Amino acid sequence: MLRNVAATSVLLAGPLRGRKAGASLSRCLHQTVTMAKRLPARRLQGIDYNPWVEFVKLSKEHDAVNLGQGFPDFSPPDFAVEAFQQATGGDFMLNQYTMAFGYPPLTKILASFFGRLLGQELDPLKNVLVTVGAYGALFTAFQGLVDEGDEVIIIEPFFDCYEPMTLMAGGCPVFVPLKPSPTQDGELDSSGSWRLDPAELASKFTSRTKALVLNTPNNPLGKVFSKAELELVAGLCQQHDVLCISDEVYQWLVFDGHQHISIASLPGMWERTLTIGSAGKTFSATGWKVGWILGPDTIMKHLRTVHQNSVYHCPTQGQAAVAKSFEREQLHLGQPSSYLEQFPKAMQLNRDHVIRSLQSVGLKPVTPHGSYFLIADVSDFKLKMPDLPGAADEPYDRRFVKWMIKNKGLVAIPVSIFYSRPHQKDFDHYIRFCFVKEEATLRAMDEKLQEWRAELES
Ligand code: IK2
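Pasting the structure below:
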């Protein structure tokens, strides 16, 4: 550390030697010492912990059945794999840089594909930005729009990166929870029974509110926001002149006849909404890391400024493969041959399989209407698990998941990571399972659960 300080001092003081004002030199030297002491940058304070790093590592260490992280353990559809192979083995120019804001065939097909869904005429150059996955899209949006002191409303439970991304941009996250309302028989049966309290939501809007982050279908709950719920959010955003960052990466994954509605398609919302998507989630190819943002040029131009000064452009070959995949889907959309029709049907079967299996050991799943996640209530196990690992003040679900990985060979994700710290304790009796897994993985899960059940019965 000391060597670090000295080295930094010399480096920074060097170019200043020729300057006239001694005061400026000493101020710089002083800054140097303070900066070295303050490693890392202030914007990273308090956000160094990342739950994915911890739980992915744990799952690898224990060689357990992985229903944790949200990635398919099966191949993308053949047409997507072929498109990727073509992109890597065909036109040699796909090995080179492409246009900064997106490979032209991709921005073109995204504009026409999503323009139709959003009811907008989209200009591929002005209304579309291709990013490094939806993560990159979110980061670009927060950096481009959120200023020091701006408030950002985040609906809980939320995909965990919204909070650190708000903080890194200098903003202040303001949380509002979806609240489970018991059904008639006292059970919490589906993600649809988790709702916003309209008065509470309205109370979160202030003159400092810059943006609201919406995620539908929601990770981890699988809630698909209804038209009425979206209208409530839209009305408040318009009333308070607030932007909406709408994360719709699971938009194709809706079940039981539920419908995904993009908030940007509601009257008066296109002008203030950024719609974020992910090819990884759309085509079961999370490693490609191709994402996008759609929005009005008045907002997108600021995102382009961030993009051109950070990643500049995304890998060309992955973009080419995604372009071809969407071109194919455009021809099949609405037909049984469409992957976007087939995929949710297959995932609904997986969902039902996992629900039945979890119920067999007494876990209480909340049926998701969308996404490829479900949460399950584990509070009934509280008394049966006297020797959970971890510190007593660590949320119960984290300790439960660590115990389950080690003792039952099953990986899930604690739901408290999807909550702000003050609210974690209220929701730490849920754990999240991912069901975008192949048949063999689900069978392996069944075996583990049957062993567990036998132990409970003995
Ligand atoms: N937005 C949401 C809501 C996501 O769920 C994800 C991916 N998360 O998957 C990990 C998990 O929850 O287990 C993203 C954005 C990021 O998408 P991409 O992979 O395209 O960057």
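Residue numbers for the sequence shown follow my numbering, beginning at 228 and rising by one.
Glycine included, each C-beta is placed from N, C-alpha and C at the ideal position.
Bear in mind that the values here come from a model prediction, so they are computed numbers and not experimental data.
For residue i, which three-state DSSP category applies?
i           : result
residue 657 : strand
residue 186 : The structure shown has nothing for residue 186, since the chain only spans 228 to 685.
residue 460 : helix
residue 536 : coil
residue 479 : coil
residue 521 : strand
residue 635 : helix
residue 640 : strand
residue 677 : helix
residue 425 : helix
residue 278 : helix
residue 440 : strand
residue 488 : coil
residue 493 : coil
residue 514 : helix
residue 474 : strand
Tell me whether the beta-carbon of residue i lies closer than 9 Å to the beta-carbon of residue j.
i           : j           : result
residue 421 : residue 450 : yes
residue 566 : residue 661 : no
residue 361 : residue 591 : no
residue 403 : residue 372 : no
residue 529 : residue 597 : no
residue 636 : residue 675 : yes
residue 549 : residue 333 : yes
residue 397 : residue 363 : no
Along the chain, where does the beta strand (DSSP E) containing residue i start, and where does it finish?
i           : result
residue 604 : 600-604
residue 500 : 500-505
residue 592 : 591-593
residue 402 : 399-404
residue 390 : Looking at the DSSP string, residue 390 is not in any beta strand (DSSP E); the run it does join, the alpha helix (DSSP H), is 389-395.
residue 468 : Counting along the chain, residue 468 falls outside any beta strand (DSSP E), and DSSP gives it neither H nor E.
Starting from residue i, trace the alpha helix (DSSP H) in both directions and tell me its first and last residue.
i           : result
residue 316 : 305-316
residue 582 : 566-587
residue 554 : 543-559
residue 339 : 331-345
residue 365 : 360-372
residue 650 : 648-651
Rounded to the nearest angstrom, how far is the Cβ of residue i from that of residue j, given a contact under 8 Å?
i           : j           : result
residue 440 : residue 379 : 6 Å
residue 602 : residue 423 : That pair is no contact at about 17 Å.
residue 330 : residue 543 : 6 Å
residue 657 : residue 605 : 7 Å
residue 365 : residue 388 : 6 Å
residue 663 : residue 299 : 5 Å
residue 490 : residue 461 : 6 Å
Any heavy atom of ligand 2 closer than 8 Å to the beta-carbon of residue i?
i           : result
residue 474 : With respect to ligand 2, the structure shown offers nothing to examine, as its ligands consist of ligand 1.
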